[in-house]
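Chemist: I have a structure here, written as structure tokens, and I will follow up with some questions on it.
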Amino acid sequence: MEVSPLHNRCIWSSPVRSSSSHRPLLVSLSARNSKSPGLVPSFRSTRGRNLCSASSSETLIGSRKEDGKHSQVVSKKEAEEDLKSWMHKNGLPPCKVVLKEKPSHNEKHRPIHYVAASEDLQVGDVAFSVPDSLVVTLKRVLGNETIAELLTTNKLSELACLALYLMYEKKQGKNSFWYPYIRELDRQRGRGQLAVESPLLWSEAELAYLTGSPTKAEVHERAEGIKREYNELDTVWFMAGSLFQQYPYDSPTEAFPFEIFKQAFVAVQSCVVHLQKVSLAQRFALVPLGPPLLAYRSNCKAMLTATDGAVQLVVDRPYKAGESICVWCGPQPNSKLLINYGFVDEDNSYDRLVVEASLNTEDPQYQDKRMVAQRNGKLSVQAFQVNVGKEKETVFDMLPYLRLGYVSDPSEMQSVISSQGPICPVSPCMERAVLDQLADYFRTRLAGYPTTLSEDESLLADANLNPKKRVATQLIRLEKKMLHACLKVAVDLINQLPDHTVSPCPAPYAPSLK
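If you read the sequence shown in my numbering, its first letter stands for residue 40, the second for the next number, and so on.
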């Protein structure tokens with residue numbers, strides 16, 4: 040039987056590398072002594088009584104029991120000076136944006152603000168330029184760039200440090216310079232433009248909306264990471280005592296219960312900006328007028344950029360006065376967009392799933408197969424990225440790796456090892472076994488979801504669908520579409536086999552997929 044050149048490819052002749060550049064949320068920090076001589080703390084001096092605990096109303100994102108009456112009272116107070124007025128008073132130059140508001144899904148919560156064009160804008164216009172004096176970075180928080188970089192090497196992420204800083208600042212109330220900005224973050228409650236909180240703040244019942252999706256496990260893993268960071272807060276507190284001595288409060292874990300820290304962490308996560316071409320101490324920044332007041336879009340190319348003494352936004356498209364302004368969220372899949380910002384982008388060209396394939400370590404020829412895989416740019420445990428719209432390419436990329444795992448005859452293995460190219464013998468029964476395993480894998484993943492694609496469509500058609508259930512359904516619907524596309528490729532290849540009477544070869548050491 041003749042087999043097509045594609046089906047003869049046992050392993051790649053050159054590595055296929057992932058293009059993913061998603062930044063990690065939890066960046067490591069160091070436990071070195073940061074009581075550096077000559078260090079000048081930049082924390083605002085204050086006096087007050089020692090507070091040993093914080094109620095939920097003292098968290099960065101505010102009380103979780105708002106009611107309409109409370110919202111009206113707060114709104115009247117906020118009318119005295121909104122965020123933008125405060126920024127202009129403290130150095131924000133004239134800009135081309137205005138703050139508008141949209142209703143929240145929950146009528147008990149205040150409307151959320153968003154940044155809109157105050158006039159018609161053209162491509163290349165500078166929408167705003169926020170001076171560094173109004174931008175929160177570790178360099179500003181810790182007052183010393185060297186110390187900031189030391190702190191961010193082993194123990195805590197930048198996000199944890201920024202969250203801790205704003206939590207202590209909030210305890211000062213109106214005495215804090217950052218009071219108007221913190222008040223705005225409280226108003227947003229860690230929600231993105233869809234007014235949905237990150238799944239990190241969902242209940243277990245709400246996380247059930249994500250059943251079948253690997254995102255559910257990612258949420259638990261991220262929450263555990265935040266917990267680990269919380270446990271390190273006191274270490275940094277004592278290690279860098281000179282940095283915190285001007286706050287008249289107890290150590291972090293005494294002043295803030297874990298749930299409050301997690302809420303603050305998620306709030307900061309939803310609005311932190313990753314600046315390029317700056318020092319490590321400045322790469323993560325909180326920019327008033329930035330996210331979540333700006334809408335994230337995967338197909339937008341505008342980014343907040345650091346310039347000489349400011350962070351500015353140059354728009355990448357024309358806007359009419361009153362239209363919401365958007366920025367690029369980076370090459371993040373929808374799972375990360377949901378966890379980080381509480382939304383899913385239906386037009387996200389960076390969306391992807393991961394299929395992990397691994398060679399069987401019990402295989403007597405495991406070491407030889409591992410060597411061949413490494414020679415061709417793959418690992419013994421290899422993560423394959425299923426990119427939206429490129430499912431066929433991913434399946435074709437996986438096939439040579441799986442075929443390598445199915446080689447059982449030692450003489451065939453020696454032929455693979457000694458070959459100059461990526462060609463190895465592929466029998467009809469081996470090809471059927473490989474394709475069957477692949478198709479069964481995608482069917483199993485699809486069966487793990489409690490709903491079908493058509494049921495998802497029906498749910499999304501309901502205008503009154505719970506907002507969290509809506510974004511969760513959007514996510515799993517897009518995941519299923521990618522899995523269905525992969526399954527179709529595998530089934531089509533099975534249907535193209537010349538002899539459908541051939542049974543799959545037995546495979547005692549078949550590679551595993553998960």
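Built from N, CA and C at the ideal position, the CB exists for glycine as well.
As the structure is a computational prediction, the values presented were derived from the model and not from experiment.
In chain order, what residues of the same chain have a beta carbon less than 7 Å from the beta carbon of Arg322, not counting five sequence neighbours either side?
Modeler: His313 and Leu314
Chemist: Look up Pro170 in the DSSP assignment and give the residues it is bridged to.
Modeler: Ala349
Chemist: Entirely within the region 376-433 and at least 4 residues each: give me those alpha helix (DSSP H) ranges in chain order.
Modeler: 405-414
Chemist: Taking a contact to mean a Cβ-Cβ separation below 8 Å, would you say Tyr2 touches Cys310 in this structure?
Modeler: Nothing in the structure corresponds to residue 2, since the chain is present only between 40 and 553.
Chemist: When the Cα atoms are used, what is the spatial distance from Ala478 to Asn503?
Modeler: So the two alpha carbons sit approximately 37 Å from each other.
Chemist: Are there three or more Cβ pairs, one per stretch, closer than 8 Å when the region 390-397 is compared with the region 431-447?
Modeler: yes
Chemist: Using 8 Å as the cut-off, can you tell me whether the region 336-349 makes contact with the region 367-383, which would need three or more C-beta pairs spanning the two stretches below that distance?
Modeler: yes
Chemist: According to DSSP, is Ser542 helix, strand or coil?
Modeler: coil
Chemist: Let me check one thing: in DSSP terms, what residues is Glu140 bridge-paired to?
Modeler: Beta-bridge pairing by DSSP links Glu140 to His152.
Chemist: Look at the alpha carbon of Gly107 and the alpha carbon of Pro150, and state the distance between them as a whole number of angstroms.
Modeler: Any reading at Gly107 must be qualified, since the residue scores a pLDDT of 43, below 50, and its modelled position is unreliable; the value itself is stated next. The straight-line gap from Cα to Cα measures roughly 11 Å.
Chemist: Is Glu385 buried or exposed, if buried means 16 or more other CB atoms sit within 10 Å of its CB?
Modeler: exposed
Chemist: Should Ala360 go down as buried or exposed, given a rule of 16 or more other Cβ atoms within 10 Å for buried?
Modeler: With fewer than 16 Cβ atoms within 10 Å of its Cβ, Ala360 is classed as exposed.
Chemist: Using C-beta distances below 7 Å, list every residue in its chain close to Pro132, excluding the 5 sequence neighbours before and after it, in chain order.
Modeler: Ser168
Chemist: How is the beta strand (DSSP E) around Cys559 delimited, first residue to last?
Modeler: Nothing about residue 559 can be read from this structure; the chain reaches only from 40 to 553.
Chemist: Per DSSP, Ala334 forms a beta bridge with which residues?
Modeler: Cys365
Chemist: With respect to the alpha helix (DSSP H) encompassing Ala294, which residues constitute its N-terminal and C-terminal limits?
Modeler: Where Ala294 is concerned, the enclosing alpha helix (DSSP H) stretches over Pro291 to Ala294.
Chemist: Is the beta carbon of Ser196 closer than 8 Å to that of Glu293?
Modeler: no
Chemist: Suppose contacts are defined by Cβ-Cβ distances below 8 Å. Is Arg471 in contact with Leu526 by that definition?
Modeler: no
Chemist: With DSSP collapsed to three states, give me the class of Pro537.
Modeler: Annotated three-state conformation of Pro537 is coil, per DSSP.
Chemist: Counting only the same chain and skipping the five closest in sequence on each side, list residues whose C-beta sits under 8 Å from that of Glu158.
Modeler: Lys135 and Ala360
Chemist: Would you tell me roughly how many angstroms separate the C-alpha atoms of Lys178 and Ile221, rounded to the nearest one?
Modeler: 19 Å
Chemist: Kindly indicate which three-state DSSP category Leu224 falls into: helix, strand or coil?
Modeler: helix
Chemist: Return the CA-CA distance between Tyr548 and Leu443, expressed in angstroms with no decimal places.
Modeler: 11 Å
Chemist: Which whole-angstrom value is the C-beta distance of Tyr153 and Leu377, which I expect to be below 8 Å?
Modeler: Not a contact, Cβ separation roughly 19 Å.
Chemist: Our contact map puts Cys544 next to Met452 with C-beta atoms below 8 Å; I'd like the distance itself, whole angstroms only.
Modeler: At roughly 15 Å, the Cβ-Cβ gap does not stay under 8 Å, so Cys544 and Met452 are not in contact.
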